[in-house]
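Peer 1: Here's a structure for you.
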Amino acid sequence: MTDIPLRKIDHVRFFVGNARQSAFFYRNAFGFEVVAYAGLETKVRHEAGYVLKQGDITFVLTSPLSDQHPESKRLVTHGDGVMDVALDVPDVRAAFEEAIKRGAKPARAPEALEDEHGVYETASIQAYGDTTHSFINRDRYRGVFAPGYRPIDPERYQEKTARPVGFAAIDHMVANVEEGKMNEWVGWYNKILGFNQLVSFDDKDISTEYSALMSKVVQNGTGRIKFPINEPAKAKRRSQIDEYLQYYGGPGIQHIALITGDIIKTVRAMRANDVSFLRVPMTYYETLTERVGPIREDLKELADLGILVDRDDEGYMLQIFTKPVADRPTLFFEVIQRRGSKSFGKGNFKALFEAIEREQELRGTL
Ligand code: FE2
12 MTDIPLRKID
22 HVRFFVGNAR
32 QSAFFYRNAF
42 GFEVVAYAGL
52 ETKVRHEAGY
62 VLKQGDITFV
72 LTSPLSDQHP
82 ESKRLVTHGD
92 GVMDVALDVP
102 DVRAAFEEAI
112 KRGAKPARAP
122 EALEDEHGVY
132 ETASIQAYGD
142 TTHSFINRDR
152 YRGVFAPGYR
162 PIDPERYQEK
172 TARPVGFAAI
182 DHMVANVEEG
192 KMNEWVGWYN
202 KILGFNQLVS
212 FDDKDISTEY
222 SALMSKVVQN
232 GTGRIKFPIN
242 EPAKAKRRSQ
252 IDEYLQYYGG
262 PGIQHIALIT
272 GDIIKTVRAM
282 RANDVSFLRV
292 PMTYYETLTE
302 RVGPIREDLK
312 ELADLGILVD
322 RDDEGYMLQI
332 FTKPVADRPT
342 LFFEVIQRRG
352 SKSFGKGNFK
362 ALFEAIEREQ
372 ELRGTL
């Protein structure tokens with residue numbers, strides 16, 4: 012299938028129980044700047060919204076203001092999580108109509124929202140579970156984010172106290188889907204959005220003694236948008252993907268990988284901000300140089316911070332994973348730095364999944 016022209020991920024919208032407090036978390040722990048607000052004060056009656064930025068990344072945090080909000084049941088079903096991954100397109104109506112023609116389910120018909128700053132166009136299609144993809148275009152919009160939003164009150168979040176941790180862009184966003192559904196969703200991205208399959212990992216690559224998963228990565232024509240899709244695989248005990256599906260109440264976004272140009276600096280800053288990361292045993296570092304060859308970073312520093320390294324024929328990459336960011340064992344983040352490698356850290360899967368299983372053991376969900 013040919014591509015529907017997609018420029019980039021415009022923003023990621025989270026639906027959360029308390030957007031005001033989530034904004035505080037992503038600002039003070041992840042170093043985002045809070046740039047815009049929508050709510051009662053901006054004549055938005057049904058929800059509160061905060062727009063956060065760091066590098067090219069835009070997060071939108073939305074909370075319902077009453078049970079009359081059409082999405083309010085989401086909070087009970089899913090807890091806090093990603094509701095929409097918005098894609099910037101040159102023509103919203105054309106993208107939407109083409110997607111529908113190819114079999115996508117509509118979530119929101121094309122609309123041109125207008126205010127004194129211009130016209131913001133949006134439409135949405137349904138993806139896995141309750142997750143949607145919006146098509147948006149702001150070529151004719153000069154406001155801070157979208158109609159209804161206004162720049163944040165400088166008294167409320169002072170710019171001088173923002174402390175970015177070095178995030179530049181979204182590298183990839185991973186979905187967990189039900190057992191047997193991975194290929195269906197790979198097919199969906201191919202048929203509806205013209206994505207191609209980049210790599211695939213089967214249970215032999217990534218099973219540990221207990222739990223297993225399978226994964227395929229789809230990407231758009233330019234390679235700028237990458238969505239790995241996981242499904243649980245049969246194993247002795249419960250897969251981390253099953254745990255996610257149970258606690259999220261269905262398929263959804265498992266993790267968002269954010270790129271940094273200096274992972275040591277970024278992770279050090281996040282740890283100072285009290286962000287918790289997964290830990291692998293120190294033995295991982297004893298054999299690291301053997302596995303990945305020479306690297307520029309100081310091994311001791313990587314070991315201190317718990318940063319993982321993997322190499323392929325194009326170079327290497329460094330990565331680390333946070334623990335879940337809310338109460339449910341659902342959404343977490345990856346911090347990633349690429350030194351040539353375009354891969355996803357296959358060599359770290361085993362050590363990583365054993366670390367996740369230790370957490371599952373503590374939660375009684377293994
Ligand atoms: Fe990842």
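To convert, note that position 185 of the sequence shown is 196 in the working numbering; the numbers rise steadily by one, no gaps. The beta carbon of each residue, even a glycine, is placed where N, CA and C say it ideally should be.
1. Can you tell me which of the three DSSP states Met-184 falls into?
2. Gln-208 by DSSP, collapsed to three states: which one?
3. Would you list, in sequence order, the uninterrupted beta strand (DSSP E) runs of no fewer than 3 residues that lie entirely inside the stretch 283 to 356?
4. Output the boundary residues of the beta strand (DSSP E) element that contains Asp-1.
5. Smallest Cα separation from Lys-112: which of Ile-203, Val-87, Asp-78 and Ser-33?
6. Quick one: residues in its chain with C-beta nearer than 6 Å to the C-beta of Arg-174, no 5 flanking neighbours on either side, listed in chain order?
7. Heavy atom of the ligand FE2 less than 6 Å from the Cβ of Glu-345, yes or no?
8. Just to check, is the beta-carbon of Ala-268 closer than 6 Å to a non-hydrogen atom of the ligand FE2?
9. Taking the runs of the alpha helix (DSSP H) that are 4 residues or longer, which of them lie wholly in the stretch 103 to 166?
10. Pull up the distance between the alpha-carbon of Glu-325 and that of Ile-275, whole angstroms please.
11. Does the stretch 329 to 343 come within contact of the stretch 292 to 302, defined as at least 3 CB pairs closer than 8 Å?
12. To the nearest angstrom, how far is the alpha carbon of Glu-44 from that of Gln-348?
13. Is the Cβ-Cβ distance between Ile-15 and Gly-205 less than 7 Å?
14. Is the beta carbon of Gln-65 closer than 7 Å to that of Phe-178?
15. Could you pull the DSSP bridge partners for Thr-73 from this structure?
16. Compare the Cα-Cα distances from Gly-356 to each of Ser-226, Asp-95, Asn-284 and Leu-373 and report the closest residue.
17. Between the stretch 335 to 342 and the stretch 309 to 317, can you find at least three pairs of beta-carbon atoms closer than 8 Å?
18. Assuming contact is defined by CB atoms lying nearer than 7 Å, are Pro-262 and Asn-187 in contact in what I supplied?
19. So who's on the other strand from His-266, going by DSSP bridges?
20. Thr-133: buried (16+ other C-beta within 10 angstroms of its C-beta) or exposed?
21. Measuring straight from C-alpha to C-alpha, what distance separates Ala-97 and Val-185?
22. According to the Cβ coordinates, are Arg-290 and Lys-19 closer than 7 Å?
23. Under a three-way DSSP split, which group does Ala-173 fall into?
24. Please name the residue, chosen from Leu-63, Phe-36, Arg-104 and Arg-38, that lies closest to Tyr-48 on a Cα-to-Cα basis.
25. According to DSSP, is Arg-368 helix, strand or coil?
26. Cα separation between Asp-321 and Thr-73?
27. For Lys-334, collect the residues of the same chain with a Cβ closer than 8 Å to its Cβ; drop the 5 residues on either side in sequence, then sort them by chain order.
28. Where does Gln-32 land, buried or exposed, given buried means 16+ other C-beta within 10 angstroms?
29. Are the beta-carbon atoms belonging to His-89 and Leu-76 less than 7 Å from one another?
30. State yes or no: is the C-beta of Val-71 within less than 7 Å of the C-beta of Leu-17?
31. Assuming Asn-207 contacts Val-229 (C-beta within less than 8 Å), just tell me the rounded distance between them.
32. Given a cut-off of 7 Å on the beta-carbon distance, is the pair Gly-154 and Thr-53 in contact?
33. My understanding is that Pro-243 touches Glu-190, with C-beta atoms under 8 Å, so please give their C-beta distance in whole angstroms.
34. Distance check for Leu-86 and Arg-149, CA to CA, integer angstroms please.
35. Do Ser-3 and Arg-119 have their C-beta atoms within less than 7 Å of each other?
Peer 2: So, from the data block:
1. Along the sequence shown, read from residue 1 onward, the residue named residue 184 stands at position 173. Strand.
2. Translated into the one-based positions of the sequence shown, residue 208 becomes position 197. Strand.
3. 319 to 323, 326 to 332 and 343 to 350
4. Residue 1 falls outside the range modelled here, since the chain spans only 12 to 377, and no answer is possible.
5. For the purposes of this step, residue 112 is taken as the residue at position 101 of the sequence shown. Closest option to Lys-112, Cα to Cα, is Ile-203.
6. Locating residue 174 in the sequence shown gives position 163, where the first residue counts as 1. Gly-42.
7. Residue numbering aside, residue 345 sits at position 334 when the sequence shown is read from its first letter. Yes - the ligand FE2 has a heavy atom lying nearer than 6 Å to the Cβ of Glu-345.
8. Taking the first residue of the sequence shown as 1, we reach residue 268 at position 257. Ala-268: yes, Cβ under 6 Å from the ligand FE2.
9. 103 to 112
10. Along the sequence shown, read from residue 1 onward, the residue named residue 325 stands at position 314. Along the sequence shown, read from residue 1 onward, the residue named residue 275 stands at position 264. Near 21 Å, if we compare the C-alpha coordinates of Ile-275 and Glu-325.
11. no
12. Position 33 of the sequence shown, counted from the start, is the residue given in the question as residue 44. Position 337 of the sequence shown, counted from the start, is the residue given in the question as residue 348. If you take the alpha carbons of Glu-44 and Gln-348, they lie about 21 Å apart.
13. Reading the sequence shown from its first residue, position 4 is the one you call residue 15. Reading the sequence shown from its first residue, position 194 is the one you call residue 205. Contact flag set, yes.
14. Residue numbering aside, residue 178 sits at position 167 when the sequence shown is read from its first letter. Residue numbering aside, residue 65 sits at position 54 when the sequence shown is read from its first letter. Contact: yes.
15. Here the question's residue 73 lines up with position 62 in the sequence shown. Thr-73 is bridged to Phe-26 and Gly-60.
16. Within the sequence shown, residue 356 is the residue found at index 345, counting from 1. Of Ser-226, Asp-95, Asn-284 and Leu-373, the residue nearest in Cα terms is Ser-226.
17. no
18. One-based indexing of the sequence shown puts residue 262 at position 251. One-based indexing of the sequence shown puts residue 187 at position 176. Yes, they are a contact pair.
19. Within the sequence shown, numbered from 1, the residue matching residue 266 stands at position 255. Val-185 and Phe-343, per the DSSP bridge assignment.
20. The residue you call residue 133 lines up with position 122 of the sequence shown. The residue is buried, with at least 16 neighbouring Cβ atoms inside 10 Å.
21. For the purposes of this step, residue 97 is taken as residue 86 along the sequence shown, with counting starting at 1. For the purposes of this step, residue 185 is taken as residue 174 along the sequence shown, with counting starting at 1. Between Ala-97 and Val-185, the C-alpha separation is close to 15 Å.
22. Translated into positions along the sequence shown, residue 290 becomes position 279. Translated into positions along the sequence shown, residue 19 becomes position 8. No.
23. Translated into positions along the sequence shown, residue 173 becomes position 162. Looking at Ala-173 - three-state DSSP - the assignment turns out to be coil, as it is neither helix nor strand.
24. In the sequence shown, the residue the question calls residue 48 occupies position 37. Among Leu-63, Phe-36, Arg-104 and Arg-38, the Cα nearest to that of Tyr-48 is on Leu-63.
25. Numbered from its first residue, the sequence shown carries residue 368 at position 357. Reading the sequence as shown, one finds Glu at residue 368 and not Arg. It is helical.
26. Numbered from 1 along the sequence shown, position 310 holds the residue referred to as residue 321. Numbered from 1 along the sequence shown, position 62 holds the residue referred to as residue 73. Roughly 36 Å separates the two Cα atoms.
27. Taking the sequence shown and counting its residues from 1, one reaches residue 334 at position 323. Same-chain partners within the cutoff: Ser-287, Phe-288, Leu-289, Phe-343 and Glu-370.
28. Numbered from 1 along the sequence shown, position 21 holds the residue referred to as residue 32. By the 10 Å Cβ count, Gln-32 comes out exposed.
29. Residue numbering aside, residue 89 sits at position 78 when the sequence shown is read from its first letter. Residue numbering aside, residue 76 sits at position 65 when the sequence shown is read from its first letter. Going by C-beta atoms, His-89 is not nearer than 7 Å to Leu-76.
30. In the sequence shown, the residue the question calls residue 71 occupies position 60. In the sequence shown, the residue the question calls residue 17 occupies position 6. Not in contact: Val-71 and Leu-17 (Cβ atoms no closer than 7 Å).
31. Within the sequence shown, numbered from 1, the residue matching residue 207 stands at position 196. Within the sequence shown, numbered from 1, the residue matching residue 229 stands at position 218. Yes, they are in contact, since the Cβ atoms of Asn-207 and Val-229 sit about 7 Å apart, within 8 Å.
32. Position 143 of the sequence shown, counted from the start, is the residue given in the question as residue 154. Position 42 of the sequence shown, counted from the start, is the residue given in the question as residue 53. Not a contact, by the Cβ cut-off of 7 Å.
33. The sequence position of residue 243 within the sequence shown is 232, counting from 1. The sequence position of residue 190 within the sequence shown is 179, counting from 1. Indeed, because the Cβ distance is near 5 Å, the residues count as touching under 8 Å.
34. Position 138 of the sequence shown, counted from the start, is the residue given in the question as residue 149. Position 75 of the sequence shown, counted from the start, is the residue given in the question as residue 86. Looking at the two C-alpha atoms, the distance is approximately 29 Å.
35. There is simply no residue 3 to check, as the chain begins at 12 and stops at 377 in what is shown.
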